Structures are given as structure tokens and as C-alpha cells.
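So in my numbering, spot 75 of the sequence shown is number 145, and the numbers just go up one at a time. Note that the Cβ used here is the ideal one computed from N, Cα and C, for glycine as well. Note that the structure is predicted; figures quoted are calculated from it, not measured. Each remark here refers to the structure printed beneath this line.
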Amino acid sequence: LTEAYKNKSLTHVGYTEAWCDNYAVILNKIFKKKHYCINSLRDPRAVIASRNHGSNIQEKYGGKYPILVLIRHWRNNVINSIINDSNDHYLTVKYEDIVSYPDFWFSKICFFLGINFSNEMLDVNNFINGQGEIWKQNTSFKSGTDFSTKSVDKWKSVLPDDEINLIEYLCRPEMEYLNYELSKDELNSKRLRNYFE
């Protein structure tokens, strides 16, 4: 991290990694400085739509991921969130909540990290990456450059019904725990259950 961030006056350094919540908590036991983990969860249907049905998946990722790998990864993130529910150095946020109420959630995240909140944090044009350049939003559907809810339900127009059925069947307990509304009726769920049995 010191190599990547040349600015010696930084007081906090953050990084994002799909699997970091698996080891971030362990860092507190190894190093003297406290590490904080913010687990940002998103509707699994939106995650899979973005990863496997976005406009540039071939160029960006080399093709689609196996859907079961994505589902297992998502469920693992939810499990980590549940396990760390009482951990003072672990915060779970939902993507949909952040884009819907950015001022509230940025204030909450700042409080969690012990830093001062500023309204400048709500302007994505102020975001700088590790190289000191303007940060570019990672979006598969060109949903905008600001905090936008346009991408929240994009999966509804992108995912085929069989994938929605599979995701909702395999992720149902975690989706209900996180209060995600299931789109498919019980009949489709029963058909899928019969398929697996």
C-alpha cells in the first residue's frame, strides 16, 4: 500500500478486493494498526447481471463467470457479514442503500472510520485513485457518473428467467435476511427445487 500511495500525508488508505473480507479482520491480529472492513453487499441478481451480462464482459473479463462461483462468493460475503455483526471494525452496507441515501451512508461510514464527514465526499468528481488521477466509475451498463439508482433494477431487463429462478432459489435465505424482495412466485421455486432433487 505504501508503494501504491506515494502521498506520505495520508492518514487512511483503502482498497477494494472481492475477497478481502475473508482476511481483513485477521490483519488486526497481525499488525499494530487497526484495519477496518466495509463489506458492500449488492443484490445477487444485480451482481450476476453486471458480471455476466454487461456490455464489455468479453473485453473486461474474457467472458462469463460460472454462475455458481458468483453465487457462492456472494453467499460467503453475507456469511462474513453475519459472523462479524458485533465486530467494531466491520461494517456492512448495501449498495442500494448507498446510492439511494449517499449523504446518510457516507456520514455513517465516516463515523465508523473515525474521520470527519464533508459534503465534498458526495461529489464523485472529487474521487482520486491511487495514481492521483480522477477515479472512473466501474459500471457494466453505463448507468451514469454520479450516485444513481438507475442500476439497481437493471437486472430485471437483463437476466433470463431461468437465471433469476436459480439465483433466488440458491440465495433465498440470505436475500430474505437482507430484505431483498424475491421476484419469482413459489411455483417457479418449487419447479426449480424439483429439478435439483
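Nearest to C107 by alpha carbon, out of S79, W144, N154 and T219?
Measuring from the Cα of C107, the nearest candidate turns out to be N154.
In whole angstroms, give me the CA-to-CA distance for W175 and I168.
6 Å
How about R112 and L229: are their beta carbons less than 8 Å apart?
no
Can you look up K178 in the DSSP assignment and give me helix, strand or coil?
helix
Excluding the 5 residues flanking E244 on each side, which residues of the same chain have their C-beta closer than 7 Å to its C-beta?
So the qualifying residues of the chain are R145 and V148.
C-beta atoms of L248 and K178 nearer than 8 Å:
No, these two residues do not count as a Cβ contact at 8 Å.
State buried or exposed for T298, treating a residue as buried only when at least 16 other CB atoms are found within 10 Å of its CB.
Because the chain is modelled from 71 through 267, residue 298 falls outside the range shown and cannot be assessed.
Going by C-alpha distance, which of H105, G124 and S188 is nearest L161?
Ranking H105, G124 and S188 by Cα distance to L161 puts H105 first.
According to DSSP, what are the bridge partners of C107?
Y160
Run of the alpha helix (DSSP H) containing P243, from where it starts to where it stops
Segment D231 to Y247, the alpha helix (DSSP H) holding P243.
What residue from S170, L192 and N189 has the CA that sits closest to D223's CA?
S170
R142 versus R242 - alpha carbon distance:
13 Å
Give the DSSP-derived three-state secondary structure of I118 in the structure shown.
helix
Considering Cα atoms alone, identify which of F182, L138 and P172 is closest to H159.
F182
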